[in-house]
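So the protein sequences, as listed, match chains U and F.
Taken in order, the first sequence gives residues 976 to 1332; the numbers are from our numbering.
Taken in order, the second sequence gives residues 976 to 1332; the numbers are from our numbering.
In this text, a Cβ means the ideal position worked out from N, Cα and C, and glycines have one as well.
Quantities reported herein were computed from a predicted structural model and do not represent experimental measurements.
There are 2 protein chains.
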Amino acid sequence: MKNLETLRWIGGVDGHLRLIDQTLLPVEFREIDCPSVEAVWQAIRTLQVRGAPAIGIAASYGVCLGVQKAAKTDEAAFFRRLDEVTGYLAGSRPTAVNLFWALDRMKSAAARLRGKPPAEIAAALLAEAQAIHEEDRQMCRAIGRYGAELLADGQGVLTHCNAGGLATADYGTALAVFFAAAESGKRLHVYADETRPLLQGARLTAWELMEREIDVTLICDSMAAQVMREGRVQAVVTGADRIAANGDTANKIGTYGVAVLAAAHKIPFYIAAPTSTFDLATASGKDIPIEQRDAREITHGFGRQTAPDGVAVYNPAFDVTPVALIAAIICERGLIRPVTRQRIAEVMGEDKPGGSN
Amino acid sequence: MKNLETLRWIGGVDGHLRLIDQTLLPVEFREIDCPSVEAVWQAIRTLQVRGAPAIGIAASYGVCLGVQKAAKTDEAAFFRRLDEVTGYLAGSRPTAVNLFWALDRMKSAAARLRGKPPAEIAAALLAEAQAIHEEDRQMCRAIGRYGAELLADGQGVLTHCNAGGLATADYGTALAVFFAAAESGKRLHVYADETRPLLQGARLTAWELMEREIDVTLICDSMAAQVMREGRVQAVVTGADRIAANGDTANKIGTYGVAVLAAAHKIPFYIAAPTSTFDLATASGKDIPIEQRDAREITHGFGRQTAPDGVAVYNPAFDVTPVALIAAIICERGLIRPVTRQRIAEVMGEDKPGGSN
């Protein structure tokens, strides 16, 4: 069985980063080696690695690569190089919040060791990157563990878009639930929405599930209602881009429709997302602006023109599912169920991870 | 403005058929001439002309082309040729019911004139083909007229798939409603679902609406819920493949989901279809079998592989919308509202077209 780690560090402090080239999926599986910070920058830029957590981890390792030579110089030269490298990586995907968060964390780790030999700081930076990586892995596993309790052996489940391992260090969020359920001996059958316009469900979710030997059936987004009507699914689990203080959840366009259809068919709809997805400064979904994307994603979706020249297109990147449609939110600290402003505040206020099931 | 007639006969009894090559849309508009029955057979076979009514009309004209030379022979030779031609055309799309209906009607018209000179029969066959053509045009216009009464100036409406003129002689069914509303001075804004997997909405509906200068916005199927939530549409109108005696309606996959979403947003959902779509021998939707189609329609959208090798696919060609979700059925005899078994039986029992609004 092939290695399915989104990315991994090979060797010690003078090692390098290896990652799955996601631009080739699902047609070809190939890992690429990034021996330099420039190679990592390029991998992030060209979407060979994508998904907020995975980008943050890749950038952390990119910092390690960028200071490898400087570890043999003096402190001043080392920190100059560190600034240069983090500034350079920050420009690879300028809108990725996790990227800045990871780079700041790496800089803080180095700053705490000012006065120590550069080689020692370089070693600490590798340890910090590995900690970021490991924390993300633990987060995925915890979400999987809590979410799996919601599913029963033999059930059908539906998911939308890709909240899978490829976007994270390891198991992902929504897909972590399926992987953990399978590990605990529950046989699930997953229906994966292809997720127009960019087909993350067809390209990535279906691939990940097949690779981990979970039964999966690919459908067009327009078929979810029929699949529900035929009694083929007993639960829906998706990821989230942002969760407001009241539980309203922004996620990939189409999620809201799936939630409405689930309610109409009396199927519970669950969100799986780490606590870092909660934005308590946003009171409710109506405060979340809806980003519009390029018309060509729809009109030239398959590399071929499939709509008339100049047609008007409405292409919202995501939608907001109101909290009333969400049966539970699965996060690394446990289940939030029912989803209320107070329960969210309680879970977010917890000092450290722990069951709140 | 270009000619938008799906097909038209050019000249007299020695004329030929001209039709829009639908395989080139929406990238290129080109009409092709069919000077022979072989050319018509080819056009039907290769989907240059598609849609049940349009295929029936094309085949009728194909019969006229096939007997042009035989019109100068004797009666026995003429009828031998007529049998040959109708048998040949019947093989062009073996599952198209309208095709057989049209060919039978042409043969009956000829049979009624046995004993007359072949040239006279050939002329009568052209008149019969033109009658079939004209009746379809009138059907479209009547549906448009009745349906337009349901819509108000300034409204947004949503449609799924292509129930447009390209499938018929003229205005189509669902789209006829929009065209008629526009003619009566109502400015509509139409949202067209792209309609995966075959993208009839993107390729054909958007094209037809733009050509007839109706405001149209193309969306992915997964965006319909968001468009409804934002208050952008006040009605949904789609076509139908088959309507059961109780009003349950089979139509392109995705229609049922749209109907559920419309209900959840308190938006009326209408079906526009000629009375020929009703199948009173089918008691309800559960008696309509769901055809499964080729996985490659989903995994290889338009020539490019977008899903893993060997992935399981569920690809139902259509779904059934239960009558409870249908606010009215618009047919050429008027509105069926509310949709009940009795009202359907009454309308179907009417001797001739007329308002039953």
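Exercise for review: Ignoring anything shorter than 4 residues or poking outside the region 1191-1225 of chain U, list the alpha helix (DSSP H) runs there in chain order.
Suggested key: For the region 1191-1225 of chain U, whole alpha helix (DSSP H) runs of length 4 or above, ordered along the chain, are 1199-1204.
Check your understanding: Roughly how many angstroms separate the alpha carbons of V1202 of chain U and V1208 of chain U, rounded to a whole number?
Key -> Walking along the first sequence from the start, residue 1202 of chain U turns up at place 227. Walking along the first sequence from the start, residue 1208 of chain U turns up at place 233. Between V1202 of chain U and V1208 of chain U, the C-alpha separation is close to 7 Å.
Exercise for review: Please check if any C-beta of chain U sits within less than 9 Å of the C-beta of R1178 of chain F.
Suggested key: As a first step, residue 1178 of chain F is located in the second sequence; it is residue number 203 there, counting from the start. For R1178 of chain F, the answer is yes, since a Cβ of chain U falls inside 9 Å of its Cβ.
**Study point:** Short CB-CB distance (under 9 Å) between D1190 of chain F and chain U
**Key:** For the purposes of this step, residue 1190 of chain F is taken as residue 215 along the second sequence, with counting starting at 1. Interface residue, yes.
Point to revise | Sufficient close CB pairs (3 or more, under 8 Å) joining the region 1175-1183 of chain U to the region 999-1006 of chain U | key: Yes, the region 1175-1183 of chain U touches the region 999-1006 of chain U.
Exercise for review: Run down chain F in chain order and give the residues with a C-beta less than 9 Å from the C-beta of G1337 of chain U.
Suggested key: Residue 1337 of chain U is absent from the structure shown; chain U starts at 976 and stops at 1332.
Practice item. Starting from the C-beta of A1138 of chain U, find all residues in its chain whose C-beta is less than 7 Å away, skip the five residues before and the five after it, and write them out in chain order. Key: Within the first sequence, residue 1138 of chain U is the residue found at index 163, counting from 1. So the qualifying residues of the chain are G1147, T1148, A1149, L1150, T1213, G1214 and A1247.
Practice item. Would you decide whether E1169 of chain F is buried or exposed? Buried here means 16 or more other CB atoms lie within 10 Å of its CB. Key: Residue mapping note: residue 1169 of chain F aligns to position 194 of the second sequence, counting from 1. Around the Cβ of E1169 of chain F, a 10 Å sphere holds 16 or more other Cβ atoms; the residue is buried.
Review point. What separation, rounded to the nearest whole angstrom, lies between the Cα atoms of Q1043 of chain F and G1222 of chain F?
Key: For the purposes of this step, residue 1043 of chain F is taken as the residue at position 68 of the second sequence. For the purposes of this step, residue 1222 of chain F is taken as the residue at position 247 of the second sequence. Distance between the alpha carbons of Q1043 of chain F and G1222 of chain F is about 44 Å.
Point to revise | Chain-ordered chain U contacts of A1142 of chain F [CB-CB under 9 Å] | key: Reading the second sequence from its first residue, position 167 is the one you call residue 1142 of chain F. Those within 9 Å of A1142 of chain F in chain U number zero; the least Cβ separation is about 17 Å.
Exercise for review: Indicate whether at least one CB of chain U lies closer than 9 Å to the CB of S1331 of chain F.
Suggested key: As a working mapping, residue 1331 of chain F is identified with position 356 in the second sequence. Below a pLDDT of 50, predicted positions are generally treated as unreliable, and S1331 of chain F, at 38, falls in that range; the measurement from the model is reported next regardless. Chain U contact via Cβ: absent.
Exercise for review: Identify, in the order they occur along the chain, each residue of the same chain with its Cβ nearer than 8 Å to the Cβ of T1068 of chain F, setting aside the five sequence neighbours on each side.
Suggested key: Working through the second sequence from its first residue, we reach residue 1068 of chain F at position 93. Checking the sequence, you will find Arg at residue 1068 of chain F rather than Thr. Correct list, in chain order: I1019, R1020, I1030 and L1074.
Check your understanding: Around the Cβ of D989 of chain U, are there at least 16 other Cβ atoms within 10 angstroms (buried) or fewer (exposed)?
Key -> What you label residue 989 of chain U is simply residue 14 of the first sequence in a count that begins at 1. Around the C-beta of D989 of chain U, fewer than 16 other C-beta atoms lie within 10 Å, and the residue is accordingly described as exposed.
Check your understanding: Is the beta carbon of D1262 of chain U sitting closer than 9 Å to the one on A1219 of chain U?
Key -> Numbered from 1 along the first sequence, position 287 holds the residue referred to as residue 1262 of chain U. Numbered from 1 along the first sequence, position 244 holds the residue referred to as residue 1219 of chain U. Closer than 9 Å, so yes.
Review point. Quick one, which of U:E1205, U:E1059, U:R1162 and U:R1268 has its alpha-carbon nearest K1241 of chain U's?
Key: For the purposes of this step, residue 1241 of chain U is taken as the residue at position 266 of the first sequence. Here the closest residue by C-alpha is U:E1205.
Check your understanding: Using a beta-carbon distance cut-off of less than 9 Å, what residues from the region 1236-1262 of chain U approach chain F?
Key -> Of all residues in the region 1236-1262 of chain U, L1236, A1238, A1239 and H1240 have a Cβ within less than 9 Å of some Cβ in chain F.
Check your understanding: Looking at the structure shown, is I1032 of chain F part of a helix, part of a strand, or coil, going by DSSP?
Key -> The residue given as residue 1032 of chain F occupies position 57 in the second sequence. Three-state DSSP puts I1032 of chain F in a helix.
Check your understanding: Is the beta carbon of C1136 of chain U less than 9 Å from the beta carbon of P1172 of chain F?
Key -> If you number the first sequence from 1, residue 1136 of chain U lands on position 161. If you number the second sequence from 1, residue 1172 of chain F lands on position 197. Contact flag unset, no.
**Study point:** For D1008 of chain F, the first and last residue of its enclosing beta strand (DSSP E)
**Key:** Start at 1 with the first residue of the second sequence, and residue 1008 of chain F comes out as number 33. Annotation for D1008 of chain F: the continuous beta strand (DSSP E) segment containing it runs E1006 to C1009.
Exercise for review: Specify the secondary structure class of V1002 of chain U as computed by DSSP and reduced to three states.
Suggested key: Within the first sequence, residue 1002 of chain U is the residue found at index 27, counting from 1. It is coil, neither helix nor strand.
Point to revise | Selected residue, minimal CA-CA separation from Q1317 of chain F, among F:A1258, F:E1266, F:D1294 and F:T1281 | key: In the second sequence, the residue the question calls residue 1317 of chain F occupies position 342. Of F:A1258, F:E1266, F:D1294 and F:T1281, the residue nearest in Cα terms is F:A1258.
Exercise for review: Measure how close the beta-carbons of T1192 of chain U and T1296 of chain U come, nearest whole angstrom, since I'm counting them as under 8 Å.
Suggested key: Looking up residue 1192 of chain U in the first sequence gives position 217. Looking up residue 1296 of chain U in the first sequence gives position 321. Rounded, the Cβ-Cβ distance is 23 Å, inconsistent with contact.
Exercise for review: Just grab the DSSP bridge partners of Q1166 of chain U for me.
Suggested key: Translated into positions along the first sequence, residue 1166 of chain U becomes position 191. According to the sequence shown, residue 1166 of chain U is Tyr rather than Gln. Y1166 of chain U is bridged to U:L1133 and U:T1192.
Point to revise | Those residues which DSSP pairs with C1306 of chain F across a bridge | key: Numbered from its first residue, the second sequence carries residue 1306 of chain F at position 331. According to DSSP, which records beta bridges pairwise, C1306 of chain F is partnered with F:G1309.
Exercise for review: Determine the chain F residues that contact F1277 of chain U at a beta-carbon separation under 8 Å, and present them in chain order.
Suggested key: Taking the first residue of the first sequence as 1, we reach residue 1277 of chain U at position 302. By Cβ distance, chain F contributes G1276, F1277, G1278, R1279 and T1281.
Point to revise | Minimum Cβ-Cβ distance from C1009 of chain U to chain F less than 9 Å | key: For the purposes of this step, residue 1009 of chain U is taken as residue 34 along the first sequence, with counting starting at 1. Under the Cβ criterion of 9 Å, C1009 of chain U is not counted among the residues facing chain F.
Practice item. Return helix, strand or coil for Q1023 of chain F, following the three-state DSSP convention. Key: Here the question's residue 1023 of chain F lines up with position 48 in the second sequence. In the structure shown, Q1023 of chain F adopts coil according to DSSP, grouped into three states.
**Study point:** Candidates F:E1325, F:W1182, F:M1185 and F:A1117, of which the one nearest V1152 of chain F by Cα
**Key:** Working through the second sequence from its first residue, we reach residue 1152 of chain F at position 177. Shortest Cα-Cα distance from V1152 of chain F to any of F:E1325, F:W1182, F:M1185 and F:A1117 involves F:A1117.
Exercise for review: For T1281 of chain U, count neighbouring C-beta atoms within 10 Å of its own C-beta (all shown protein chains included) and say buried if the count is 16 or more, exposed if not.
Suggested key: As a position in the first sequence, residue 1281 of chain U is number 306, starting the count at 1. The residue in question, T1281 of chain U, is buried, as its Cβ has 16 or more Cβ neighbours within 10 Å.
**Study point:** 6 Å CB neighbourhood of L1184 of chain U in its chain, flanking five on each side removed
**Key:** Here residue 1184 of chain U refers to the residue found at position 209 when the first sequence is read from its first residue. Cβ within range, chain order: V1165 and V1191.
Practice item. Determine the DSSP secondary structure at R1335 of chain F, reduced to helix, strand or coil. Key: This structure cannot speak to residue 1335 of chain F, because chain F is shown only from 976 to 1332.
Check your understanding: Closest by CA to A1014 of chain U, which one among U:G1062, U:A1027, U:Y1036 and U:G1026?
Key -> To locate residue 1014 of chain U, count along the first sequence from 1; it is residue 39. Taking only the C-alpha atoms, the option nearest A1014 of chain U is U:Y1036.
Exercise for review: Please go through the same chain and pick out, in chain order, the residues whose beta-carbon is closer than 6 Å to the beta-carbon of A1046 of chain F, but skip the five residues on each side of it.
Suggested key: Taking the second sequence and counting its residues from 1, one reaches residue 1046 of chain F at position 71. Scanning its chain for C-beta atoms nearer than 6 Å, with the 5 sequence neighbours on each side dropped, one finds around A1046 of chain F the residues P1093, A1094 and A1097, in chain order.
Review point. Hey, out of F:L994, F:R1080 and F:I985, whose CA is closest to L979 of chain F's CA?
Key: For this step, residue 979 of chain F is matched to residue 4 along the second sequence. Out of F:L994, F:R1080 and F:I985, F:L994 has the C-alpha closest to the C-alpha of L979 of chain F.
Check your understanding: Between I1273 of chain F and the rest of its own chain, which residues show a CB-CB distance below 6 Å, the 5 nearest in sequence each way excluded?
Key -> In the second sequence, residue 1273 of chain F corresponds to position 298, counting from 1. The beta carbon of I1273 of chain F sits closer than 6 Å to the beta carbons of P1172, V1288 and N1290 from its chain, once the five residues preceding and following it are set aside; these are given in chain order.
Practice item. Would you mind sorting I985 of chain U into buried or exposed? The rule is 16 or more other CB atoms within 10 Å of its CB. Key: Taking the first residue of the first sequence as position 1, residue 985 of chain U is located at position 10. Exposed: under 16 other Cβ atoms inside 10 Å.
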